[in-house]
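Q:
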Amino acid sequence: MAQGLYFEDFAPGQEFLTARRTVTETDIVNFAGLSGDFNPLHTDEEYAKTTPFGRRIAHGLLISSISSGLQNQLA
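One point on numbering: in my numbering, the residue at position 27 of the sequence shown is 19, and numbering is uninterrupted.
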């Protein structure tokens, strides 16, 4: 029997509690190597200091992937 919700089952403002997950430097480096995305915003601390973020940030697709994994762990 399939688990989960279909798109039409979700309601605006609905919230779900998932496990916590810390995004580490190792996660970012591994994702850059896997994806081939070595944009300095993700990989170069000195460059990233000159951006509005002030430090390196994680790849958007890395965060989406982690989010998907956390969703799949919901009972």
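Even glycine gets a Cβ: it sits at the ideal position worked out from N, Cα and C.
These numbers were taken from a predicted model, which means no experiment stands behind them.
If you reduce the DSSP assignment to three classes, tell me which class GLU17 lands in.
A: Locating residue 17 in the sequence shown gives position 25, counting from the first residue. GLU17: helix per DSSP, three-state reduction.
Q: Let me make sure I understand the geometry here. Which of GLU38, GLU0, ALA11, LEU54 has the alpha-carbon closest to that of THR18?
A: By one-based count along the sequence shown, residue 18 stands at place 26. The candidate whose alpha carbon is nearest that of THR18 is LEU54.
Q: Within 10 Å of its beta-carbon, does ARG47 have 16 or more other beta-carbons around it, so buried, or fewer, so exposed?
A: Within the sequence shown, residue 47 is the residue found at index 55, counting from 1. ARG47 is exposed by the Cβ-count criterion.
Q: Assuming contact is defined by CB atoms lying nearer than 9 Å, are VAL21 and ILE58 in contact in what I supplied?
A: Residue mapping note: residue 21 aligns to position 29 of the sequence shown, counting from 1. Residue mapping note: residue 58 aligns to position 66 of the sequence shown, counting from 1. No, Cβ-Cβ distance for VAL21 and ILE58 is not below 9 Å.
Q: For ILE49 and LEU33, which I take to be in contact (beta-carbon distance under 8 Å), what is that distance rounded to the nearest angstrom?
A: In the sequence shown, residue 49 corresponds to position 57, counting from 1. In the sequence shown, residue 33 corresponds to position 41, counting from 1. Confirmed, about 6 Å.
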